[in-house]
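Below: one structure, written as structure tokens.
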Amino acid sequence: MPQSVRASGKEVLILIADDVAPNRELLAHMVKNMGFESIMASNGHEAIEQFERFRPDLVLMDISMPVMNGIDATREIKQQADERFVPIVFVSAAVGPEAIRSAIEAGGDDFLQMPFPYELLEGKIIALLRISELYSEVAKLNALRSHEAELAEKLLSNAVESGNVPNSQVRMHKQPAETFSGDVLLSAYRPNGDLNVLLGDFTGHGLTAAVGALPLSETFRAMTAKGYEAEEIVAQINRKLGQLLPTGKFLATAMLTLTAEGTVKIWNGGLPDVLIVSKGKVVHRIASSHPPLGILKKLNDTHFQLFKVEPEDRILMLSDGVLEAVNAQDEQYSEARLIDVIEQCPKGFDLISAILSSLQNFMHGQVQRDDISLITVPGWLENNTLEQVKPAYAFEVDSEEEGILDTWTWHIELQGQSLHRTSPVAQALSRLQESEGPRPEWQQVFTVITELYVNALDHGVLGLSSNMKRTPEGFARYFDEREKRLQSLDSGKVSLSLQHTRMPGGGRLVIRVEDSGKGFDYDWWLKNLNQSAERQFSGRGISLVKNICEYLTFSHNGSVVEAVMYFGDKH
Amino acid sequence: MTVSVRQVDDKNIVIVVGEQFDYSLHQAFRNAYAQVQKPGTVFRVDLARAKHMDSSALGMILLLKEHADKLGGRVILSKPAENVVKILTIANFNQFVTIES
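Sequences listed follow chains A and B, in order.
For the first sequence, position 228 (counting from the first letter as 1) is numbered 228 according to our numbering, and the numbering increases by one without interruption.
For the second sequence, position 4 (counting from the first letter as 1) is numbered 4 according to our numbering, and the numbering increases by one without interruption.
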């Protein structure tokens, strides 16, 4: 049974265009029999006018008509209908195959040669109306879907990226291949003012790639705010993604920490080389040294490479979508073109804008296949950075990261003569024993605290040089001098903090020692550890501590040192 | 055919991948090994013909490795061309999969 009313509740209206009046009337009669309404036009021009005025659901079109033929009229009507699907059926006397072809090419949906049986026309009209119903249903669903996707994308990127530091400090650009991006760009300050920046690229793109972004950014932000080291953050993201992502999905990642002293440490697992650009030249490249995160249960190597940077230097991080963008000839953009842009970018110009405009010229309207992301970090931190964030080391631990929160902090500060009178090392150890009971690892903790404390006191406060210890005589002289300076000490201070967090089957201990001294060149020290025979009498302390601890970090020119140790089954 | 399988003997299987090693091969690649349940099977992925490889192909290799690990077997990536070596190197797959030139 034909339906005279469409699903939308509107009556079906059919436009009949034919220059021969008896033909029009015959068709109108048939259409009426089917239960549909009709309107008439006697040439192509009229047909267009009627279409504009009445918006019919279907058109029956003659081919040859005066003023404007059916083929031209069809082209115009199809264009006006735009997104809407309005079936056009050509109804014509016998014509050659050429006419049929051009009718279909102009946008016609079907062809009916006169004379024909009533049922044939009826069947075609009903079938085409059914398709047009489906078409509008799909269009409606599609509009709804893309609206929802846009909304979800907004929510997600707000949740993930709204916490980033201002664009004036770190320039970020993200250009997704689809509504959802699998690239994640994160930046945040540590409590001591250091800046952490991370670029992540999840496998693939679109919604399935974007779902990991939330846990990633939460881990990054929570741990950065708590003052964790970049090494620990990367390790924790790896653990979290390992649990969360199905096999075959992973995150290529690069991460850096920039300090107020102008040093930057960088790690790359699976992204294109991170580049340090100085005066228009690439001076360092940090190649991927590790598989992407979420593949291996435990990271083999979270060694960050350390560099000194100048304020006008730029550190460039990018996703492979940049280098693998293709032009019409299917060539890849490649690093060679990127380097060209870097070298030609005039001083003071924004590097990201320069790369983007080169990329746009190269792709020349070709479809973007993968997410494109770029980050530039300058070689300096904004002055107000330190005041914006909490000044001291944040002694809290994220309960979410490590299970139920179970943390205590112990702190002592010694000034002047009390440095001579007491040693805080034993007190620290007894606090640890009292709270956590006996553990075989306390011996190593003792070693670490002793080494760090003595370093702070001898070199930081007393200003003794370890060079003195190079010869056996010097060794003795060193301790004489030490005793003398201690006795007359009336200023200077050393503070020692412990923070212990219980974890399943063990714990994590952060030891922090700060002295009032001028600091030392720790970069040089760390680099030269174990490398020279000269160091045999001195430097053993740091070397030892470095071997025992999971992480050892110096900051504030070396007058603050932090060591992190783990105990128990976890390590 | 973009993925073909050759059974060398009862413990050695060679999976030959076509020019574009990407998500479009997902199903075919999976079919190539999913039925193999013989313990200790060595899966050799012949990459000689692959000109390009994307990150979803890396994911497909990880899935194959998971399958091989379950069987106590292993995965060997063989004869990758320069472009593909570059991608494997950036991802540091040599740290846990054997790559033969």
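Don't be surprised by glycine CBs; every beta carbon is placed ideally from N, CA and C.
Selection A/Ile63, A/Asp273, A/Glu137 evaluated against A/Gly108 yields A/Ile63 as nearest (Cα-Cα). Contacts between A/Ile276 and chain B, judged by CB atoms closer than 9 Å, are missing: the closest CB pair is about 18 Å apart. Under the three-state reduction of DSSP output, A/Ile342 falls in the helix class. A/Thr253 places its beta carbon less than 7 Å from that of A/Gly269. As a beta-bridge residue in DSSP terms, A/Trp267 pairs with A/Met255. The DSSP-derived three-state label of A/Ile71 is helix. Within chain B, the residues placing a beta-carbon under 9 Å from that of A/Leu296 are Gln95, Phe96, ordered along the chain. Counting of Cβ neighbours within 10 angstroms places A/His290 among the buried residues, the total reaching 16 or more. Distances from the alpha-carbon of A/Ser92 to those of A/Asp523, A/Glu105, A/Met65, A/Asp521 put A/Met65 closest. The beta carbon of A/Thr247 sits closer than 7 Å to some beta carbon of chain B. By the C-beta criterion, the stretch 451 to 458 of chain A is judged to be in contact with the stretch 540 to 551 of chain A, since at least 3 inter-stretch pairs fall below 8 Å. Short of 6 Å from the beta carbon of A/Val282, and not among the five residues preceding or following it, lie these beta carbons of its own chain, in chain order: Leu275.
Nearest to A/Leu258 by alpha-carbon distance, out of A/Ser187, A/Lys140, A/Ser278, A/Leu244, is A/Ser187. At a cut-off of 7 Å between C-beta atoms, B/Ser55 counts as an interface residue with respect to chain A. Under DSSP, A/Trp380 forms no beta bridge with any residue. Beyond the five residues adjoining it in sequence on each side, A/Arg369 comes within less than 8 Å, by CB distance, of Ala177, Gly321, Glu324, Ala325, Val326 in the same chain, given in chain order. Taking the CA atoms as reference points, A/Glu231 sits about 20 Å from A/Asn164. Look at A/Pro291: its C-beta is under 7 Å from a C-beta on chain B. In the displayed model, A/Tyr333 falls within coil according to three-state DSSP, outside both helix and strand. For A/Met317, DSSP records a beta bridge to A/Ile375.
DSSP lists no beta-bridge partner residue for A/Asp82. In the assembly as shown, A/Asp18 is a buried residue. Its beta-carbon has 16 or more other beta-carbons within 10 Å. At a cut-off of 7 Å, the C-beta of A/Ser319 has no neighbouring C-beta in chain B. Contacts with chain B (Cβ-Cβ distance below 9 Å) from the stretch 184 to 211 of chain A involve Asp201, Phe202, Thr203, Gly204, listed in chain order. The stretch 129 to 192 of chain A is shown to contain whole beta strand (DSSP E) runs of 3 or more residues at 171 to 175, 183 to 189, in chain order.
Distance from B/Ala91 to A/Pro440 at the Cβ level is roughly 39 Å; contact not present, criterion being Cβ atoms closer than 8 Å. With 16 or more neighbouring CB atoms inside 10 Å of its own CB, B/Val17 falls in the buried class.
Under the Cβ criterion of 7 Å, A/Gly270 is counted among the residues facing chain B. Per DSSP, the unbroken alpha helix (DSSP H) holding A/Tyr453 starts and ends at 442 to 455. Within the stretch 38 to 67 of chain B, Ser55, Ser56, Gly59, Met60, Leu62, Leu63, Glu66 place their CB atoms closer than 7 Å to a CB of chain A, listed in sequence order. Taking CB atoms only, A/Ser181 has no neighbour in chain B less than 7 Å away. A/Ser497 is bridged by DSSP to A/His411, A/Arg512. For the pair of segments examined, the stretch 133 to 149 of chain A was found not to touch the stretch 350 to 370 of chain A: the number of CB pairs separated by less than 8 Å stays below three. Contact check for A/Ile77 against A/Ser38 fails: the beta carbons are separated by 7 Å or more.
Excluding its 5 nearest sequence neighbours in each direction, B/Asp22 has C-beta neighbours in its own chain below 8 Å: His52, Met53, Asp54, Ser56, Ala57, listed in chain order. Contact check for A/Arg508 and A/Val564: beta-carbon distance about 7 Å, within the 8 Å limit, so the pair qualifies.
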